[in-house]
Amino acid sequence: MRSDPLSTCEQNFILEGFRLNQRLDGRTLNDFRQVKLVVGSDFGTALCTMGDTKVLCVVSISLSEPRSSRPNKGYVTVDVDMSPMGNPANEHNRLGERGLELTRMLELVLRDSRCIDVESLCVRSHEEVWKVRVDVRILDDDGSLLDCASIAAVTALYHFRRPNVTVRPNHTIVHSEYEQAFVPLNIYHMPICVSFGFTACGTSVVIDPTDKESQCLYGSLVIACNKRREVCALHQSTNLILNTRTIEACVKRAMQRAIDLSELISTVILDDLKKTCQLSETGWV
Numbered sequence: 001m002r003s004d005p006l007s008t009c010e011q012n013f014i015l016e017g018f019r020l021n022q023r024l025d026g027r028t029l030n031d032f033r034q035v036k037l038v039v040g041s042d043f044g045t046a047l048c049t050m051g052d053t054k055v056l057c058v059v060s061i062s063l064s065e066p067r068s069s070r071p072n073k074g075y076v077t078v079d080v081d082m083s084p085m086g087n088p089a090n091e092h093n094r095l096g097e098r099g100l101e102l103t104r105m106l107e108l109v110l111r112d113s114r115c116i117d118v119e120s121l122c123v124r125s126h127e128e129v130w131k132v133r134v135d136v137r138i139l140d141d142d143g144s145l146l147d148c149a150s151i152a153a154v155t156a157l158y159h160f161r162r163p164n165v166t167v168r169p170n171h172t173i174v175h176s177e178y179e180q181a182f183v184p185l186n187i188y189h190m191p192i193c194v195s196f197g198f199t200a201c202g203t204s205v206v207i208d209p210t211d212k213e214s215q216c217l218y219g220s221l222v223i224a225c226n227k228r229r230e231v232c233a234l235h236q237s238t239n240l241i242l243n244t245r246t247i248e249a250c251v252k253r254a255m256q257r258a259i260d261l262s263e264l265i266s267t268v269i270l271d272d273l274k275k276t277c278q279l280s281e282t283g284w285v
């Protein structure tokens, strides 16, 4: 998407729409954009689309030495690619401020919230563990980037299957999918990010703002929740002061959004599993 700065007339037009509870794409201030999820034929691949925002996530795994502080636990790394394809303002092979912020938040949501059982990723204590790598590629950036990226990442992690292994005294045998069935990751919960934008003094709350709308806002709040109604992370940009009532209302809305999207992710994964089983029965896999 284009990241050209908005003119004063465009900003005033968008802000006037906020005052009238209207937006350029036909939504009200309280409406989310429709989420479309597609998983690939390979395990651990997911494409999430929210309006014109598109994010592709690919999960891979490899055997690695454990970290000295956690010798019996695997670990998760997040790599974000903010190429000029998603936004012309991005530089090739350089994250920039937005890319670093996105990487830190995804690490906080996926790793620090402990949604993945890293102890189950241990193969040999002090010697070998599984290293899970989450590659996030921004295909199109039209606002609420963290929301779309978190949905794609969680879906890819749920869709991923790792190879089975046999531990011998002196070596480890990694089996192919034809020898032994691949194993899903142990995931405790689905942390979903939800973005809220605020006009001057927090007078209006804009849910799921687009790129143009974000340029008219004074601040934003990102809340990561799961379907258990737990707040996994919270991030506020700028020094905009929000009252308790506003934050509680945003948290309540984010929790319901997390419940709805968790059901969508589960449905997409289950449908893909059924298709895979049908192809296996007919001999196409």
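Start counting the sequence shown at 1; every next residue gets the next number (UniProt numbering). Even glycine gets a Cβ: it sits at the ideal position worked out from N, Cα and C.
- Compute the beta-carbon to beta-carbon distance between F18 and V206, rounded to the nearest angstrom, for a pair I have assumed lies under 8 Å. Between F18 and V206 the beta-carbon gap is near 6 Å, inside 8 Å, which marks them as a contact.
- Query: Is F198 helix, strand or coil by DSSP?
  - Reply: strand
- Query: Roughly how many whole angstroms lie between the Cα atoms of R161 and L185?
  - Reply: 7 Å
- Query: How long is the line joining the alpha carbons of L108 and V231, rounded to whole angstroms?
  - Reply: 12 Å
- Item | Where M105 falls: helix, strand or coil (DSSP) | helix
- Query: Between L100 and D147, what straight-line distance do the alpha-carbon atoms span, to the nearest angstrom?
  - Reply: Those two C-alpha atoms are separated by around 15 Å.
- Taking C225 and M255 to be in contact with their CB atoms under 8 Å, please state how far apart those CB atoms are, rounded to whole angstroms. 5 Å
- Message: Assess contact between the segment 144-159 and the segment 246-265, defined as three or more Cβ pairs (one per stretch) separated by less than 8 Å. Is contact present?
- Response: yes
- Message: Less than 8 Å between the C-beta atoms of A200 and Y218, yes or no?
- Response: yes
- Item | Proximity to E10 [Cα-Cα], best of D31, V38, S64 and C216 | C216
- Message: Closest to V59 by C-alpha separation, out of R70, D42 and D52, would be which residue?
- Response: D42
- Item | Three-state secondary structure assigned by DSSP to R245 | helix
- Within its chain, find whatever has a CB closer than 7 Å to the CB of R229; leave out the 5 residues flanking it on each side and keep chain order. M255
- Message: Please identify the residue among L63, D81 and R67 whose C-alpha is closest to the C-alpha of S139.
- Response: The question names Ser, yet the displayed sequence has Leu at residue 139. Closest by alpha carbon: D81.
- Item | Spatially closest choice to V76 from I116, T210, S144 and P169, by CA coordinates | I116
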